[in-house]
Structure formats: C-alpha cells, structure tokens
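Residue numbers (my numbering), protein chains in the order written: chain B, 1 to 130; chain Z, 1 to 306; chain E, 1 to 544.
Following: one structure in structure tokens, then a few remarks.
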Amino acid sequence: MRLNPSSGTPLYIQLVDHLKHAIESGVIRGGEQLPSVRKMAEDLLINPNTVVRAYHDLETDGIVELRHGSGVFVRESVSGRAEVMKKAVPIIRSAVDRLESLDLDENDIRRLMESELAVRRTAQARKRRA
Amino acid sequence: MREPVAVVTQLSRQFGANLALNDVTLAVPRGCVFGLVGENGAGKSTLIKHLLGLWRAESGSVRVFGRDPVTDPAGVLGRIGYLSEQPDLPGWMRVDELLRYTQAFYPRWDPAYASQLIEQFGLSRDARVRTLSKGQRARLGLIAAEAHRPELLILDEPSSGLDPIVRRDILEAIIRTVTDEGRTVLFSSHLLDEVERVSDHLALLHRGVLRLCAPLEEVKARHRRLVLHFAVTRTNPPDVPGAIQVYGAGREWTVVCDMARTHAPSMAHHLGASLVDDSPASLEEIFVGYSDATAAAPGSHMRVVT
Amino acid sequence: MTHSSTGALLWEIWRRHRGLVAVIIAATAMGRLFDVQSDSSDSSVVAELLQLTSFVLLFGIFSYTESGDSRALGHFPQRLFVLPVSSLRLAAVPVCAGVASVELLYLMWLNPAASSGSGSVALHAILLGALMVCSQAAIWTLDRLGPFRLVVVGLLAVAAFAVGLLPSMAPSPPPPWRSEGVLSALTLAVSLLVFGWIWRHIARMRSGGGAGVLPVDLLDRILTACMPQRRRAFGSPGAAQFWLEWRCSGVVLPLLVLGVLLAVVAPLSWLTRYDADDTLRILIGTLSMPVVLAMAVGVGFGRPSFWSDDLSVPAFMAVRPLADAALVAVKVKVAAASAVVSWVLLLVFVGAWLTLWGNVEALSRLAVQLWAFHGQSVAAVYGIATLIVVAALFLTWRFLVSRLWSGLSGHRRRFFGSAAFFGLATLGWFILDGTRVLLWVVDDPAHMNIAAWVLAVAVVGKYWLAASTWRDLDACYLRRYLWVWLAGTSVFGVLALLLWNIVRIYVALDIVRFQGLLILVVLLAMPLARMGAAPASLAGNRHR
C-alpha cells in the first residue's frame, strides 16, 4: 500500500479507505487483528497519530473495535457492510449516468463530488466544534 | 498539557548585515514530530544551533528541558541526539570505535539496540569512517544519535543528498522515536512529502521570520486552493484577503488562501467571479505561498498556541 | 608571452607568485648589501635571516599546490590534467623551474671570499637542488599526511644539512664514501630517482589513481600498528574524550621525537662516537629537542581541533555533553601523557646510546666535577641528572599547553598574534644576543633592582589574574591543578637553588638580589592564570 501525501485527500482518510476496501473484499476477515499502531506507522512511514485517527474513525463507523490491552480487531458483524456497499453501487451508477447526460465529463463529475463531500465535511467539522 | 520540550521566546540573531532570525517565538510540544521548513537561508539551521547551544541567544531566550543550553551544556546535551546535514565524523575512526566513544557520554545507551541497527543498516564494524559512502555515514550518524534513546532527537536536513533507501531509514527512526512515550523529534527538511508524512506540527521560516506554526492538520485544513472564473478578462490579479498566493491569467485565476480569513462563496461573489473549484492546498503550495511573499511582516503569520 | 605549453605553465607560476618573487629579490638585495658593506656580527645575523627567508619563500613558491580551502596546504593542481600536455611535461616544468631557481638564488647568495673551495660549493648546490626535488615529491605524493607534510620537508632539510656536513666531520680526511665526489654523485642519482617517482605518481593520478603509493601505505600501516583498535568500552566520558584527544593530538609529539631520534640523532651519534666533546654537544641537543618540538606542537595543541586550521569548535565536539572545564582538563592531561611518553622514549634511547656506543668521556668529566662539588656524593650527581630531566619534562608540558587560552578562544588575531609575538621574541633573543641582557642585569645592583621590580609586578599580576579566573571554576579542578603547579614550581625552585650555588662560585655578584630574581622567575614559570581562563575562552568559542 502506498499512501500519497500530496494528493488532495488527507493521509488518514486514504488509510481508512484502504482498510475499508480490504475488509470488504475479504482480504482482512471479521475477527482478525489489525497491525498495531506502531507497526502500521513504521511500515507505511507515517505519523502514528495518523494511524490512531484512522483506527478511531473506523471504530466510530463500527467496522473495528479497540480491545484494551489486546489491540484493534475487525468486528465479526462487518460482513454486513458488504451488503450496504452493494446497495450503494446502483445509486452511484444512476447518478453518474444522469450527470453524463448533462454533457459533463469524468473530471467535472469528480470535481463536483469532491467539492460536495468537502462542503459536508466542513459542515460536520463545524458541528463537532460547536 | 505537558510542558513543551523546547521554548524559544523572541529570539533574534544577526550575522553582520544579515538578520538570520527575527523575533521568533515557538514551543515544541512533548511527544510530537515537529517539522521545520523554509527555503535555503531562511534560518532553520540557525534556530537548531540555538537549541543546541552552539549559538548564544543575542536577544530573547532559548530553553530546552527548562534549561539554557549555553549555561548548562552537559545537562541539556545529554538528553539530545543530534544528526547534522553533513556529520563531521573523524575519518580515521572505525565504526565500532565511534560507537564506543559515543556510548561513554550517554548513560542510557542501549548496546543491543545499537547492534540491531548496525546489522539492519549493513555497516561493517571494522570499516573506517573515511571509507564509508555518504549514505553510510548518515546511517552511522543516525545510530550515534538514536542508540541512547534521547528525549529529543534533532535532525538538521538529514535527507539532503541521500538516496531513497537511506531516507527511509531516517523516517523509520523518526517514527520509532515518537512512538516511544514522551520522546520528541525536531527535524528540518526541504522534502515536503516527508514532512507531510511524519509531522504533527509544522513551522515555516521565511527570511528569519516565523510565518507559520501550527499542527499540520490545521494548516492543511485552513489553506485551500480556489479557482475563480471571471466574466471579464483581468490584467491585474484579484485582491483576495487572506490570500498567500495568486496566479493565473485572463479569465481564470487561482488563489491559495487561508480560509480563516476568507469565506469562499461571498468572496467570489464580491469579486464578481464564479467559484469553479475548491480543494485543499498542497503543502508545496502553502510553502511557496508563504516563502514567496515579498513582505516579511511578523504580524501576518498564523500562530496557534497549543 | 610564448605560445608553448611550457611557457604557459611557467607564466602561470610567475603570475601567481609575483609578490613573493619581489620579496625574494628585495631580501636578497638587502642581504648582499649587508654582507658587502659591514662586517659586524649583528648584520651578518640579519643577512643570514634574510637568506633563510628568501630560500623558504622560494620553496614555498615551488610547492605548487592548490586547494579548495585557501588556508590549507593543498594538492598538486589536478585541474591541469585535462590540458593537452604530457604528464612528463607537467612534472618536469615545476621541478626543473624549481631546481633552476634555487641554484640561481644560491649563486646570488654565494660569497666568493668565504667559500672553502669549489668542491663543497658544487656539493651544496647539488644538495639544494636535490632538496627542492625531494620536498616537491613529499608535498605532492604524501597527500594523506595533510599538514604533516611540512614536517617531512623540515626533516628532509635537516637531512640535507647533515649530508652537507658529512665531508667535514671527524676524522678527516674523510673515507671514500664520505668524499664530496661520491656524495654528489649519490645525491644526483637520488634526485633522478625521486623525479622518476614524481612523474609516475602524476601519471597515475591523472589516469584515475589506484592503490596508494607504497611508502604512504607503509606509513599508514605503521601508524595503524601504533594505534591498535580500541576494543574495550570506556569507563567515563572523560576517558573517552582522553582517548580521542590522544589519538588526534597526543601521539604527535612522541612520534616526532621518535622520528628525530631515529633519523637524525642515531646516525649523528654513531658518526661522532669517537669524539667526546661532540657527543656531549649532541646529548645536550637531544635533551633540548623535545622542549623545542613542544613549542611547535603546542601551536596546534592549543586549537580546538589539532589538524584543522579552523579555530572554531567542530560540531562533533561541541555537541558532546561535556562541560568546558572537563574538555580543557582532558587536553591538559593528554599534554602531560604526551610529554611523559616522549621523554620515556628519549631516555630509553639515550640510555642505549650512552651504554652501547657513546663516548662518555666528557660526560664523565662533568659528573666528576659535580660529585666533587657536592661533597663527593654520588646520589647528588644522579639527583641533579633526574632533576634536570624532570624540569625538562615540565618545560615540555608547559610549552604544549601554553597556547590553550588563546587557541581555544577561537579569535584568530589573538591566537596568531600571541604565537607570533612569542616566535619573534625568541628570534629577537637570538639575533640581538640575549645573553648580553642577562649579563647587563647581573653586573650592576641597580640593574638588578629594576629587573626585580619588573618581575615582581609580573608575579603579582599573574597571581591576581589567576585568582580571578580560578574563582569561577569547580574546586576539584583547582585542587588537582594546584598539585601539578606545586610540583613544577618546586622542581624549578630546586634547580634555581643549584644554579645559584654554582653561579656563586664563578661569578661575583650580589647574592641576595640574585636569589630574589631567581625566585621571582621560578614563580612565573608554571602557567596558572591561563589554565583558569581556558574554560571560559572555550565556552565563548563553543557558544558563539
């Protein structure tokens, strides 16, 4: 796995995405232990706090659980996520179809998606701070 | 909040006609990776040498572990590991002689850890330092700085001129240091992607002035790149408050700005342009933006007190 | 300007050193004028000095080196290798030009009336030419030694001087191998061989180097054998720093002493083994050799790093968690160890020499005189000998550490100024015949009074300074150093007492005042204020 610090996405989000993808595609099974913060940080050459934040986000999303003293484990019930993801695919497909019908190309679509997500993210962050 | 490892208060330093440091105030929190960036001649090495006591504070004060490194070198330096850009190790010494020599000064030296690092880096114990390549010398200097597990590891442009494998070793050492409870790393670098990967805090020096000093996340969150499309062709760049860099031509102008001082949609509306893109600025753009500014006014930098 | 490559190379040499050439010509002109016009010994000494200066400058011009660091002695200019010129020409031009210049200078200085026959003139000329070639070889091929190359050149000069003396030494007429003709032929042959070696070395360097030239490798192996790899851990930071300082600077004096003993004293002592007076003279010279060498080595010792011209503290040393006073203490200890080892080597050699092949007649005469003088006590004779050796040991150590305060401070002007002042004072003593000053002082009680006042002021000043500088340091350093100071001062004091006893018999003078003067001189002998001030000056340099 190669994390790219200079792409627009923060490192911890890249890590979260990668781990989520690995879990959903079955590379990491439910109940397995994820590498420790230290090992993950040393392997990827990133700050341990980034790993901590990624693990925290995964815990908030209900994908992993932190067992004190033992480490970070993938929840057994995570396979349920795969179903949700399957449902999401047709939604995305139809949205992209509709945007393409407006004569927008790939880059336009991606830019619009990212700015929309960014706006939501900022709003969420403001809500958390308030 | 635990006490910061190093506190620099209103430090100024002049070399002849050149003002190397201009009223710099910063604090290095304990347990973090503190990245110091700046162009060549911005004052990074000067600041680091003040922390080590190699330069005396002409005006202002420097405290490391609560003590002045100039009046108490033995107390402060015993807890610091230092790797300079070109480690001036004596050429006639052999690798294990150098490590034995360094070991005598630091009671917390871990011989097993040092041996493990020597194996890992592939250094030959009997080789003389002058026969080692630049990368091997950097690795040797890293072992000498790291093996006593210092509370504060200072690296002054450690990766300059080194191949990617040695740079990897240095980054690994930085991460290993900071995962140990309470140990801190301060390093200065030109390689911004390295700084982005491993830093918690970022400080940016430009011509001796501290333009930026904040946690890295905040820096990246608060600086965005906005692309504006104007209806009318402009010959002059648009005046955007809080902008650190503006470039473009004709109808399309790109502005990198500090979002704490700008609200994007209202600003675009005010200028009579449409906001086409709003994405996070890369560290390189932030660096160039703060380093390119012709006015080095101390008040215009962003400071966050932790 | 010619269009040939040789002309271009020569023009470059001249262009670079125009100033020095002018100085040499001026010095030569002045010296010859002195020689011709006056006959007094004063001006002849001045003329000799000018002669020496002009020759040294000429050798400096033809050292023909360049380096990135403008202050250090560099290497053969490697930028010439890309020119379309053969290696033979590159080697031959500076060598031949150097030899021709030195012969020309020799001719200009030649005094036709004073020379003792055309034979020795030829020998001296050939020796000078050979010295030029050999010193160029030393500077260009022994790169690895760095500034040590100048020492090698100095040794070569001494060797050339000794060879020049060979035909005139006892017994005369000299045996065939020592005749001028044979020596000249041998010297010519050696010069040609050395030139061949230079040519080969330059050709090798040009085509990318390769394995080191044999003598340097050998030297490296000898040095490595002398300095075995450290395999044990260090007991304390002080011990580790001691080891480092010893390896960098402490071994220099013992190695120099050993080199001089083997290369100069041993052959000279063998050659003079039939002459008692010569043996005594060489013995005195050998005993004063470490002290003189210590004066030269002390200049480097005072610097933060011995081998570098830069007076700033290298980061490698400055970042060590070691207090300034501890660093100075380590340097002082290393100087002591250096002095002791040098003297042990010397005494072993002298012991072997005097027992095995030395002519001890003159020495025995002196010993008998002392024995009779001191109530026929053998112990007294041995005691005096030991005392002289210990005093010389203290003097050696003193000269090694005397530059510490000015060198560690990092101020170039202070350091070079004080070293130059000391050097000029010594030179002035020799030129203006300092013993006259001593006799002037001792003759008249009024003069002795003046001298006593001057010395008293110096003593008071020294101890007042010492008190103010030692106040800031840890008491443990003061305690340890006071023992050293006490030992040194008492040794010098006892020696002064003996001197007074002897002088009293031979010279009529005011005894009490003379005693007073001697006591004051003894009190000034050991460095005290400088030792106390050194840590502060190092601190100023370490934290600029």
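Just so you know, even glycine gets a beta-carbon here, dropped at the ideal spot from N, CA and C.
Classification of residue i by the beta-carbon crowding that lies within 10 angstroms, buried from 16 upward
i	result
Gln14 of chain B	buried
Val76 of chain Z	buried
Ser205 of chain E	Rather than Ser, the amino acid found at residue 205 of chain E in this sequence is Met. Buried, by the Cβ-count rule.
His269 of chain Z	exposed
Ser25 of chain B	exposed
Thr131 of chain Z	exposed
Leu112 of chain B	exposed
Phe15 of chain Z	exposed
Gln136 of chain E	buried
Lys331 of chain E	buried
Trp453 of chain E	exposed
Trp14 of chain E	exposed
Cys476 of chain E	exposed
Ser188 of chain Z	buried
Pro290 of chain E	buried
Three-state class that DSSP yields for residue i in the structure shown
i	result
Tyr106 of chain Z	coil
Asn501 of chain E	helix
His75 of chain E	strand
Thr177 of chain Z	helix
Gln33 of chain B	strand
Asp433 of chain E	coil
Arg67 of chain Z	strand
According to DSSP, residues forming a beta bridge with residue i
i	result
Phe15 of chain Z	Z:Asn18
Trp253 of chain Z	Z:Leu228 and Z:Gly248
Val24 of chain Z	Z:Leu11
Gly35 of chain Z	Z:Phe187 and Z:Leu202
His223 of chain Z	Z:Asp258
Glu66 of chain E	E:His75
Asp310 of chain E	Bridge partners of Asp310 of chain E: none, in fact.
Ala278 of chain Z	For the sequence presented, residue 278 of chain Z should be read as Asp rather than Ala. According to DSSP, which records beta bridges pairwise, Asp278 of chain Z is partnered with Z:Leu226.
Arg94 of chain Z	Z:Arg128
Arg234 of chain Z	Z:Gly250
Ala243 of chain Z	Z:Cys257
Separation of residue j from residue i, as counted between CA atoms
i	j	result
Glu245 of chain E	Tyr463 of chain E	29 Å
Ser300 of chain Z	Gly38 of chain Z	Note that Ser300 of chain Z has pLDDT 39, beneath the 50 cutoff, so the model's placement of it is unreliable and the number below is only indicative. Taking the straight line from one Cα to the other gives about 16 Å.
Thr306 of chain Z	His201 of chain Z	With a pLDDT of 27 at Thr306 of chain Z, under the threshold of 50, the predicted position of this residue should be treated as unreliable, though the coordinate-derived value follows. The straight-line gap from Cα to Cα measures roughly 10 Å.
Met108 of chain E	Gly74 of chain E	30 Å
Tyr290 of chain Z	Gly41 of chain Z	15 Å
Trp11 of chain E	Leu150 of chain E	26 Å
Thr53 of chain E	Arg16 of chain E	19 Å
Ala296 of chain Z	Pro237 of chain Z	Bear in mind that the predicted position of Ala296 of chain Z carries a pLDDT of just 39, short of 50, making it too unreliable to give a figure here.
Leu387 of chain E	Leu497 of chain E	12 Å
His148 of chain Z	Arg108 of chain Z	5 Å
Leu142 of chain Z	Ile46 of chain B	19 Å
Pro4 of chain Z	Arg207 of chain Z	25 Å
Glu151 of chain Z	His56 of chain B	27 Å
Arg200 of chain E	Val99 of chain E	19 Å
Met448 of chain E	Arg542 of chain E	45 Å
Met1 of chain E	Gly60 of chain E	Note that Met1 of chain E scores a pLDDT of 49, beneath 50, so its modelled location is shaky and nothing firm can be said.
Gly122 of chain Z	Ala114 of chain Z	12 Å
Leu204 of chain Z	Val194 of chain E	60 Å
Pro48 of chain B	Leu34 of chain B	14 Å
Ala525 of chain E	Val95 of chain E	47 Å
Glu218 of chain Z	Arg110 of chain B	25 Å
First and last residue of the uninterrupted beta strand (DSSP E) at residue i
i	result
Glu65 of chain B	Val64 to Arg67
Ile80 of chain Z	Ile80 to Leu83
Gly136 of chain B	The structure shown does not extend to residue 136 of chain B, since chain B is modelled only from 1 through 130, so no value can be given for it.
Leu155 of chain Z	Leu152 to Asp156
Cys213 of chain Z	Val209 to Pro215
Ser61 of chain Z	Ser59 to Val64
Residue span of the alpha helix (DSSP H) that contains residue i, given as start and end
i	result
Arg130 of chain Z	First-last for Arg130 of chain Z: undefined, no H or E at that position.
Glu284 of chain Z	Leu283 to Asp292
Proximity test, residue i beta-carbon vs the ligand ATP heavy atom, cut-off 7 Å
i	result
Val454 of chain E	You won't find the ligand ATP in this model; it holds no ligand whatsoever.
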